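Under full-length UniProt numbering, the sequence shown has 93 at position 93, and the numbering climbs by one with no breaks. We treat Cβ as the ideally placed atom computed from N, Cα and C, and that holds for glycine. This one's a predicted model, so the numbers in the text were calculated from it and none came from an experiment. To start, the structure itself, in structure tokens.
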Amino acid sequence: MQEKSEESINIAAILQLLRKRVALIIISTLVVTIFGGVYTFFIATPSYTATTQLVAKLSQSDSSAEYAGQVSGNIQMTNTINQVIVSPVILDQVETNLGLTSDTFQSNVTATNQTNSQVITVSVKYSNPYTAQKIADETARVFSNDAAKLLNITNVSILAEAKVDMIPVSPRPTLYMIISVLVGLLIGIALAFLIDALDNKVNSEGDVEAMGLSVLGATPFASESDFNNKVVEPLNVKEKELTTAQTNLLNNNERRN
């Protein structure tokens, strides 16, 4: 029962702290979101993808036993083809044929195939959608021309040429903005807890009791408005007599001194 009570107190204290620092949390969220929006829409370079598909028709045997073994070998050969397509042997020719001034695109060219499939998908990511489409098609064409020389494969067919896709794959504005909001919110909450941890001022009787000390007394806060338009009641007879006696006593002490 006591543990539940302590947990309730801790949760209440946390909520109170968050309410106290809500302005800081909101400002932090807005600032990070604005920076995220500026980066997403004005700084980050968009990337586009283009894909083409090709298939290498390998030799097959009429015998069912040999055919099963050849299928397994053909799949392994397909994996080898994937590596050859993205190698400098192919991509250097693509760079030369298209007149590209940099070979950085080579790291953004991938060749993959699904499990137990001989269909190869060549994907290219580039900052220009038209250039991405040209690189994908040229990569497939260069490989189909050099397949016989490199891998002794004489029949490579291009199943689908690349198409220009004007929708960028990165950055994703919606995802980036959601991440910015969450990051800003977390930073604001972290700052709220940090400021509270560094604040060593005693703001309430609870702060004193939390340090294991006893509260001897409390002075209520009074604003200037509390003293405005206040009517001072006249002293009664006893209070006047007491005041007079105190005044006389002070005067006698001064004379003796």
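Cβ-based neighbour list, residue i, same chain, cut-off 8 Å, excluding 5 preceding and 5 following
i	result
G188	R21, L24, I25, I26, I27, S28, T29
residue 281	Residue 281 lies beyond the residue range present for the chain, which begins at 1 and ends at 257; the question has no answer from this structure.
S63	Caution applies to S63, whose pLDDT of 45 falls short of 50 and renders its modelled position unreliable; the model cannot decide the point.
P173	T40, F41
T33	M177, S180, V181, G184
F193	L17
T80	L151
I167	Y48
I195	R21, L24
V169	S47, Y48, T49, K125
Beta-carbon separation (whole angstroms), residue i vs residue j, contact threshold 8 Å
i	j	result
I75	F143	With a Cβ gap of about 18 Å, I75 and F143 do not count as contacting.
P46	S127	7 Å
Sequence-distant residues of its chain with Cβ nearer than 7 Å to residue i (five each side left out)
i	result
I11	none
N145	none
K134	L98
V94	I135, E138, T139, V142
L191	L24, S28
Cβ-based neighbour list, residue i, same chain, cut-off 6 Å, excluding 5 preceding and 5 following
i	result
A44	P171
T78	N113, Q118
K125	S47, T49, N108
A147	I153, V156
K163	none
A132	Y48, A50, V124, Y126
Residue interval of the alpha helix (DSSP H) (run including residue i)
i	result
V181	173-198
L30	22-38
D92	88-98
Identity of the residues DSSP links to residue i by a beta bridge
i	result
V55	V119, S157
V109	V124
S102	Per DSSP, none; premise fails for S102.
A50	V124
**Prompt:** Which ranges does the alpha helix (DSSP H) cover as unbroken runs of at least 4 residues, wholly within the segment 117-165, from first to last along the chain?
**Reply:** 129-151
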